[in-house]
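Have a look at the structure below, then the notes.
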Amino acid sequence: MPGYSDPGFDTLALHAGATPDPSTGARATPIHLSTSFVFQSSEHAASLFNMERSGHVYSRISNPTTAVLEERIAALEGGVGAIATASGQAALHLAIATLAGAGHHIVASSALYGGSHNLLDYTLRRFGISTSFVAPGDVDAWRAAIRPETRLLFGETLGNPGLDVLDIPTISAIAHDAGLPLLVDSTFTPPWLLKPFDHGADLVYHSATKFLSGHGTVVGGLLVDSGAFDWAAAFAKTGRFPELSAPYDGFHGMVFSEESTVGAFLLRARREGLRDFGACMSPHTAWLILQGIETLPLRMARHVENTRKVVQLLAAHPMVSRVGYPELDGHPSQALAQKLLPRGCGAVFSFDLKGSRSQGVAFIEALKVFSHLANVGDCRSLVIHPASTTHFRMDDAALARAGIGPGTIRLSIGLEDAADLIDDLKRALKVAEKAA
Amino acid sequence: MNLTVNGQRAYAYTGGKPFDAALPCVVFIHGALHDHSVWTLLARWCAHHGHSVLAIDLPGHGQSAGPVLPSVQATADWLLALLAAAGVQQPGQATLVGHSMGSLIGLEAAARAPALVGRLVMVGTAYPMQVSEALLTTAGEAPLKAIDMVNAFSISTLAAKPGFPAPGMWLHGSNRALMRRTLAGPNTAGCAVNLFHHDFSVCDAYTGGLDAAAKVQAKVTLVLGSADQMTPPRATRDLAAALKAKTVILPSGHSLPAEVPDELLAALRDALA
């Protein structure tokens, strides 16, 4: 691999972590659907269990196919390694459970995916981990919410539902000043669009179900570590993070930050969280996500190209009162988007129809190319009307507090011909207008 | 564990077991802009198979305090002082295992304490260990860029299996992060130097290799990477002859401890036998 620097993004998307299979010559990554792996000898077995050797023992902990995916996403994000999990939610839980326990506290953006909000505000509270939510753009609020027991700052790169761009350089600086790491959900911004580590984030996770896979076939998550946060220094200074820098009785008294200066977090997450909570990824799922990542650069370029055309249509349409895409004039994150997301702000955004809930329903039901479902990041274009689905129990006032109007529509723009998407939307908008 | 050497704190990883000065001791010496963590798998194996282990952080690197030392010779003296502080003093008790810059430090220490050092294993080594002017200049002026250059030169594959120190680790990213951490680490207080340029300069300036080799009494093994662009195997011929060393070539680039940890362990076990 001669050269003066690592290969480029497109090359890494195809090759990182994989070589032709040494035993068969298979060029594509094989699917190793095996729960377990034969030891060469009793001594070999013992040395694997005692971390004197690296290798695969049992597929809940690691698997050759899954490891290719882990290396690949780490290469694309600029990290030291990764852990593949059963879902994006499992990746978020693994990150938190590795760093925090009962009595600890998280500061999180209030503009989160509903599932993440549920985990933080309800479920983890039951286990003694509390969360303070702050407006993602309120820098002072982030700083003020940090307490001695805080272990983590957390936000989405593009917040839900308004696509507020997280000011990663500023929020990570606040975190680091307090001796804390910043975790970001980068699901809406695969690394072709944004590499959060380049801007100061310490940990990144994806719902790989979305753009990384791209085909809407599997559910999976990926948790990536930058290797930049100095857990041992934080422990020495504040006593925080003994999970990484003090002996762990659950694993031979191991001090993870001694074992690996830059990989301590992932070692602990794998050897405790993946081992004990068990939310691992199937090798078959990993293989399918690898197929998606191979074309990620091509797909993301097309996603963004199509999205810009659709945004242009909607922004000029008389039936539309607002389009929440950060590239547009007037969006509160426009300047940040130009700085952090020069290749585009992804392919998921919302807009407001002028009209009632029933007009929103009429719009959705008139669409033919867009699929009405609860997902994003598929190669097919998707649509959902929150007021009649995910948020249907809320009255209009409650919707407003969540930043959702009765006519708010969320689109995920796929890879179809842009002209077909535009025709579909124009026709549905006409139907919605007549439904007034 | 922490030791005091020449009045300064020195850190050594002991392989996951308490250090026992009565056992044969394997001393691991890292290379430029690295720390003890490049050795953890080998160190754990040795510590759990009848040896005591000192995988050191060199002065100004990782968790060892500065100041950095000006030459291979000075660092070899520091290493011998560290062994004395740890109680390693029996004839032939020490096996020195050095990678790259660390291999030169091990060579010089073996020459200075021929009775103490029973075995010397030089991994990814060359003599002379000349560094190109372009790389030295870049290390001085733009160390982050130089880290990327060395990273690309050091690692021969995009898929180092089974992953170091565990599956799922991306070797290029890990090496880059470790070098950046070492360059900017908080533990280099008192080392107001560009550590990258310093380490490379120390390698480049070392001219005592053949004189040292003449004094070495240890059994010597050279473990080299067939695809090593930093210290190619052809650059060891004179040294290997002078040391009457056994040479083992492994399918690896310069980062042998991370690229081929199992094969390197086999070579080390053979050297220790």
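If you're matching them up, the sequences are chains F and Y in order.
For the first sequence, my numbering assigns the number 4 to the initial residue and increments by one for each residue that follows.
For the second sequence, my numbering assigns the number 667 to the initial residue and increments by one for each residue that follows.
All C-beta atoms, glycine included, are put in the ideal place defined by N, C-alpha and C.
- Cα atoms of A235 (chain F) and D170 (chain F): separation of roughly 27 Å, rounded to the nearest angstrom.
- Here DSSP, grouped into helix, strand and coil, assigns C691 (chain Y) to strand.
- In the same chain as A435 (chain F), and ignoring 5 residues on each side of it, the C-beta atoms closer than 8 Å to its own belong to M322, L356, G358, Q362, G363, A365, F366, A369, in chain order.
- Listed by position along chain F, the residues whose Cβ is nearer than 9 Å to that of P927 (chain Y) are R56, S57.
- D877 (chain Y) is outside the set of residues whose beta carbon lies under 9 Å from a beta carbon in chain F.
- Residues I64, S65, I86 of the same chain have their beta carbon placed closer than 8 Å to that of R273 (chain F), with the five preceding and five following residues left out of the count.
- Residue range 153-159 is occupied by the beta strand (DSSP E) that includes E159 (chain F), with no alpha helix (DSSP H) assigned at that position.
- Considering only beta carbons, the part of the stretch 207-236 of chain F lying closer than 8 Å to chain Y consists of S229, G230, A231, D233, A235, A236, in chain order.
- Taking C-alpha positions only, T902 (chain Y) is separated from T68 (chain F) by approximately 38 Å.
- The secondary-structure analysis by DSSP pairs D188 (chain F) across a beta bridge with F:E159, F:Y208.
- With respect to the C-alpha of L402 (chain F), the residue from F:W195, F:H388, F:A211 having the closest C-alpha is F:H388.
- With a cut-off of 8 Å on Cβ pairs, the stretch 185-195 of chain F is in contact with the stretch 142-160 of chain F, counting three or more such pairs.
- In the three-state DSSP reduction, D355 (chain F) falls in the strand class (E or B).
- By the Cβ neighbour-count rule, M667 (chain Y) is exposed, with fewer than 16 other Cβ atoms within 10 Å of its own.
- Against R847 (chain Y), the close residues of chain F are G230, A231, D233, T264, V265, in the order they occur along the chain (beta-carbon pairs closer than 9 Å).
- Membership of K437 (chain F) in the alpha helix (DSSP H) is indicated by the continuous run 421-437.
- DSSP places S260 (chain F) within a helical segment (H, G or I) once states are collapsed to three.
- Contact check between the stretch 800-813 of chain Y and the stretch 824-832 of chain Y: fewer than three CB pairs, one atom from each, fall below 8 Å, which does not count as touching.
- Per the C-alpha coordinates, the member of F:S57, F:L15, F:T411, F:A93 positioned closest to E929 (chain Y) is F:S57.
- Look at M767 (chain Y) here: in three-state DSSP terms it is helix.
- K240 (chain F) sits in a helix when the DSSP states are folded into three classes.
- Annotated as distal: V671 (chain Y) and T761 (chain Y), with beta-carbon spacing of 9 Å or more.
- A direct Cα-to-Cα measurement between K312 (chain F) and R383 (chain F) gives close to 16 Å.
- At a cut-off of 9 Å between C-beta atoms, V313 (chain F) does not count as an interface residue with respect to chain Y.
- Chain-order list of chain F residues neighbouring F830 (chain Y): S57, by C-beta distance under 8 Å.
- Contact between the stretch 708-725 of chain Y and the stretch 833-847 of chain Y is absent: fewer than 3 CB-CB pairs across the two stretches fall below 8 Å.
- When only Cα atoms are considered, A713 (chain Y) and R154 (chain F) end up about 34 Å apart.
- Taking C-beta atoms as the reference points, D9 (chain F) and A114 (chain F) fail to come closer than 9 Å.
- When DSSP states are grouped into helix, strand and coil, M815 (chain Y) belongs to the helix group.
- Taking the Cα positions, L331 (chain F) is about 12 Å away from F354 (chain F).
- For I407 (chain F), no chain Y residue has a C-beta closer than 9 Å to its own C-beta; the minimum C-beta separation is roughly 38 Å.
- Counting only runs of at least 3 residues, the stretch 92-135 of chain F fully encloses the following beta strand (DSSP E) elements, listed from N- to C-terminal order: 108-112.
- Think of a sphere of 7 Å around the beta carbon of G732 (chain Y): no beta carbon from chain F falls inside it, the nearest being about 16 Å out.
- Around I407 (chain F), the same chain offers P164, P389, A390, H394 as residues with beta carbons nearer than 7 Å, after the five sequence neighbours per side are excluded.
- Those residues of the stretch 810-827 of chain Y placed with their C-beta closer than 9 Å to a C-beta in chain F are K811, D814, M815, N817, A818, F819, I821, S822, T823, L824, A825, A826, K827, ordered along the chain.
- For secondary structure counted as the alpha helix (DSSP H) over 4 or more consecutive residues, the stretch 707-774 of chain Y holds these complete runs in sequence order: 738-752.
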